[in-house]
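So the sequence shown is numbered by the working numbering: it starts at 174 and just counts up by one.
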Amino acid sequence: MQLEKHQLDRHNDKLFNGHQRKLSFVQEFTPECEAIIKKLMAFQIGIPSWALGNGGTRFGRFSGAGEPRNLEEKIEDVGLLHALNRSSGAISLHIPWDSVADPSNIRNLATQYGLRFDAMNSNTFQDQKGQEQSYKFGSLQHTDKAVRKQAIEHNIEVIRQGVALGSEALTIWLADGSCFPGQLNFRNAFQRTLESLKEIYAALPAHWKVFIEYKAFEPNFYSTTVGDWGQSLLFANKLGPKAFTLVDLGHHLPNANIEQIVSLLLMEEKLGGFHFNDSKYGDDDLTAGSIKPYQLFLIFNELVEGMDARGMDHASDLGWMIDASHNIKDPLEDLMQSVEAIMIAYAQALSVDRKALQLAQQENDVVRAQEILQQAFRTDLRPLVAEARFRAGGALEPLSLFRDLELRKELIKERGRETVSTGL
Ligand code: PSV
Ligand code: MN
Ligand code: MN
174 MQLEKHQLDR HNDKLFNGHQ RKLSFVQEFT PECEAIIKKL MAFQIGIPSW
224 ALGNGGTRFG RFSGAGEPRN LEEKIEDVGL LHALNRSSGA ISLHIPWDSV
274 ADPSNIRNLA TQYGLRFDAM NSNTFQDQKG QEQSYKFGSL QHTDKAVRKQ
324 AIEHNIEVIR QGVALGSEAL TIWLADGSCF PGQLNFRNAF QRTLESLKEI
374 YAALPAHWKV FIEYKAFEPN FYSTTVGDWG QSLLFANKLG PKAFTLVDLG
424 HHLPNANIEQ IVSLLLMEEK LGGFHFNDSK YGDDDLTAGS IKPYQLFLIF
474 NELVEGMDAR GMDHASDLGW MIDASHNIKD PLEDLMQSVE AIMIAYAQAL
524 SVDRKALQLA QQENDVVRAQ EILQQAFRTD LRPLVAEARF RAGGALEPLS
574 LFRDLELRKE LIKERGRETV STGL
């Protein structure tokens, strides 16, 4: 299903005057509006192929109707999102949940929707049908060489598929760890994982990156072999210049200071990318910005500061992806909300008065420093985000257009009510 130009135009025409009034107000009080709008227009967030259906929880799954039934339809969904918000110009695949039978067809289809392929994700946390070795006791860390070999080969196969699609990064998230004290020797597990990662690293094409995603808990509940940013950074440093740490916001112990982690990883030139989501308790995979919007802003504040200090390109030097799961919301609506929240946090971080903040920090003026940050956070910059979307050819209000056109109903007509999308 394609969004028609006349549908977009009608929507934008209807909202244009109100939008202009809000925009002029923001422009009056926000210096550098034009520069912010340009940066917002360039900023794209990768959509995970596994978040286009209702994942449910381990207690149940309430199937959503009209979900994509294959990779082609997932690309169609992300294409629709991108047509609405012009900020979702990439899709991140998970292998083998996504089966790429004909890469050149899939690549052409994505190009038609203006999409590129973000990081490829491997999966050695589940056993697949017909698989020889089991990952019950880990994959790259496994005590049995045959299991490690199988997991290494899978990752190399994912790189191969990614090359065919034009992706340039591999994200490795390992469920490896232990459930009970004494189950494994931490050092040996680390060393075996490192040896396995080295083999995968050696298979990376010259311009590729590998992202090592860490997670403190789940599905192993006593130890995780890549459990935090320290362990991920150790692996990345030992592997070499193409290896980086990936930060998934839901993978920390409660109250971790993620913005500080981000700042130091950037300083070490080892921050590779993000999985955006939000959480209250654990790896909840909720809509970005739905629980802790101030944290999201503080993370972007460090990103903008740290990337500018190193002369990095905001849009292309890191991998920006969402990692979410849906239980009760329409996945496309939820993803639109996440993208919007990320863009708002980014816009607010761009609007921080950096010079004044540096001065306040230098002078230990704690109150002033807080005022500067909160001034940016409490300013409603949604008109700038909408303007960026509008100038890029998107909808002023993507979510209301999606609802007004009853696009989910259209998808149900095409795909039916009983649909199950692959993923979590
Ligand atoms: C693990 O919790 C994770 O965050 C990793 O990124 C996985 O690949 C993803 O979720 C999808 O299950
Ligand atoms: Mn993740
Ligand atoms: Mn996760």
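Every residue gets a Cβ at the ideal spot worked out from N, C-alpha and C, and that includes glycine. Treat the numbers as computed from the prediction; the structure is a model and nothing was measured.
Starting from S265, trace the beta strand (DSSP E) both ways and give me its first and last residue.
Here the beta strand (DSSP E) through S265 covers 263–265.
Any idea what DSSP makes of D421, helix, strand or coil?
In the three-state reduction of the DSSP assignment, D421 falls in the strand class.
If I'm right that G226 touches G237 with Cβ under 8 Å, what's the distance once you round it to whole angstroms?
G237 and G226 do touch by the CB rule: their CB atoms are close to 6 Å apart, below 8 Å.
If you measure from each CB to the nearest heavy atom of ligand 2 and keep those under 7 Å, what residues do you get, in chain order?
In chain order, the residues that have a beta carbon nearer than 7 Å to some heavy atom of ligand 2 are W346, E386, D421, H424, H448, D496.
Backbone secondary structure at G219 - three-state DSSP
Strand at G219.
H267 and L288: beta carbons closer than 9 Å?
The criterion of a C-beta distance shorter than 9 Å is not satisfied by H267 and L288.
Rounded Cβ spacing between L176 and L257 (contact assumed at less than 8 Å):
By a beta-carbon distance limit of 8 Å, L176 contacts L257. Their separation comes to about 7 Å.
Beta-carbon separation (whole angstroms), I472 vs E432, contact threshold 8 Å:
The distance from the Cβ of I472 to that of E432 is about 5 Å, consistent with a contact at the 8 Å cut-off.
Under a three-way DSSP split, which group does G237 fall into?
G237: coil per DSSP, three-state reduction.
Looking at K453 and ligand 3, is the gap between the Cβ and the nearest heavy atom below 8 Å?
Because no heavy atom of ligand 3 lies under 8 Å away, the Cβ of K453 does not count as near it: no.
Determine the contact status of L459 and T344, defining contact as a CB-CB distance below 9 Å.
No, they are not a contact pair.
Using the rule of at least 16 other Cβ atoms within 10 Å of the residue's Cβ for burial, across every protein chain shown, is N361 buried or exposed?
Classification of N361: exposed, given that the 10 Å Cβ count is below 16.
Beta-carbon spacing of E442, W381 below 9 Å
Remark: C-beta atoms of E442 and W381 do not approach each other more closely than 9 Å.
In chain order, what residues of the same chain lie with their CB nearer than 6 Å to the CB of A215, ignoring the 5 residues before and after it?
Cβ neighbours of A215 beyond the five flanking positions: A488.
Could you check whether the Cβ of K582 sits closer than 8 Å to any heavy atom belonging to ligand 3?
Incorrect: K582 has no Cβ contact closer than 8 Å to ligand 3.
CA-CA distance, N428 and N281?
A straight-line Cα-Cα distance of about 43 Å links N428 and N281.
Relative to the alpha-carbon of V320, which residue among A337, G355, R365 has its alpha-carbon at the smallest distance?
Of the listed residues, the one whose Cα sits closest to V320 is R365.
Are at least three pairs of beta-carbons, each pair with one atom in the segment 537–549 and one in the segment 490–508, less than 8 Å apart?
Too few Cβ pairs lie closer than 8 Å, so no.
Collapsed DSSP secondary structure at E330 in the structure displayed
In the three-state reduction of the DSSP assignment, E330 falls in the helix class, which pools H, G and I.
Entirely enclosed beta strand (DSSP E) segments - the segment 243–285, minimum 3 residues:
Counting whole runs of 3 or more residues, the segment 243–285 contains the beta strand (DSSP E) stretches 263–265.
Output the residue ranges of the beta strand (DSSP E) runs that lie fully inside the segment 347–434 and measure 3 residues or longer, sorted by chain position.
Counting whole runs of 3 or more residues, the segment 347–434 contains the beta strand (DSSP E) stretches 382–386, 416–421.
Less than 9 Å between the C-beta atoms of D401 and D496, yes or no?
The Cβ-Cβ distance between D401 and D496 does not fall below 9 Å.
Using DSSP bridges, identify the partner residues of G455.
For G455, which the question treats as bridged, DSSP gives no partner whatsoever.
For I345, does the three-state DSSP call read helix, strand or coil?
DSSP places I345 within a strand segment (E or B) once states are collapsed to three.
May I have the straight-line CA-CA distance separating A337 from I279, to the nearest angstrom?
Answer to the nearest angstrom: the Cα atoms are 10 Å apart.
Among residues of its own chain, excluding the 5 on either side of D300, which ones have a beta-carbon nearer than 8 Å to its beta-carbon?
Cβ within range, chain order: S307, Y308, K309.
Inter-residue spacing [alpha-carbon to alpha-carbon] between N243 and T284
N243 and T284 have their C-alpha atoms spaced approximately 17 Å apart.
Cβ distance (whole Å) where N630 is taken to contact T230 below 8 Å:
Residue 630 lies beyond the residue range present for the chain, which begins at 174 and ends at 597; the question has no answer from this structure.
Is any heavy atom in ligand 1 found nearer than 8 Å to the beta carbon of H315?
In this structure, H315 has its CB at a distance of at least 8 Å from all heavy atoms of ligand 1.
Which partner residues of R289 appear in the DSSP bridge assignment?
Partner(s): A263.
With DSSP as the reference, label F298 as helix, strand or coil.
Reduced to three states, the DSSP call for F298 is coil.
DSSP three-state label for F310, please.
Reduced to three states, the DSSP call for F310 is coil.
Candidates L476, T297, F449, F202, of which the one nearest I329 by Cα
It is T297.
For I209, name the three-state secondary structure that DSSP assigns.
The three-state secondary structure of I209, taken from DSSP, is helix.
Compare the Cα-Cα distances from D526 to each of D451, Y387, C206, E246 and report the closest residue.
It is C206 whose Cα lies nearest to the Cα of D526.
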